[in-house]
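Quick note on the numbering used here: the sequence shown kicks off at 635 and runs consecutively.
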Amino acid sequence: MTPEIKLESPRQEAVLRLIDLSNAYMASLYPAESNHLVDIGQLEKDNVSFFVVRHDGRVVGCGALVEAGDGTAEVKRMFVDPEARGLRIGKLIMDTLVARGVELGLTAIRLETGISQPEAIGLYRKAGFVEIEAFAPYKPDPLSLFMEKAL
């Protein structure tokens, strides 16, 4: 069965499980001051497009596009269940977020990721993201990489 991605509420037990897994993974890689995680409340705001990926009926991935109000948006909470890695779900999420950005008429999509995540960085580069300087509200951080894709 092919993975399916749809706009959904982030406040679901299976999504909360993914976010907990994501939090634990990030905490294992970076100190708290270098983790820039958004909570469920922030993901439920009107300026957020939150996507959920299901495979064989099970939630296996998620990702959000958070509009900044200036014609850009930021990728947040993109995560794939470790048990579902290798199914190209990350690419599906990224392609969907980029398509949503185009649909919304955005000029660019930005993201912050950590330097200890080579698979994620590779995915972003393949999707056309290039490195940029830190953007608001971030400050330069030697553990962070900032990227942007013009739309």
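Every residue gets a Cβ at the ideal spot worked out from N, C-alpha and C, and that includes glycine.
Item                                                                                                                                                               : Value
Could you give the residue range of the alpha helix (DSSP H) that holds residue 748?                                                                               : Unbroken run through residue 748 is the beta strand (DSSP E), 742-748; no alpha helix (DSSP H).
Please classify residue 680 as buried or exposed, where buried requires at least 16 other C-beta atoms within 10 Å of its C-beta.                                  : exposed
Take residue 696 and list the residues in its own chain whose beta-carbon comes closer than 8 Å to its own, dropping the five residues that flank it on each side. : 644, 649, 652, 653, 684, 685, 686, 687, 711, 712, 713, 727
Contact criterion: CB-CB distance below 8 Å. Does residue 777 meet it with respect to chain C?                                                                     : Judged by its chain identifiers, the structure shown contains no chain C, having just a single protein chain.
Taking the beta carbon of residue 766 as the centre, do at least 16 other beta carbons fall within 10 Å, making it buried, or is it exposed?                       : exposed
Based on DSSP bridge pairs, tell me the residues matched to residue 782.                                                                                           : 744, 764
Locate the beta strand (DSSP E) running through residue 710, then write down its first and last residues.                                                          : 706-714
Can you tell me which of 700, 671, 782 puts its alpha carbon nearest to the alpha carbon of residue 655?                                                           : 671
With distances taken between CB atoms, is the gap from residue 693 to residue 723 smaller than 8 Å?                                                                : no
According to DSSP, is residue 662 helix, strand or coil?                                                                                                           : helix
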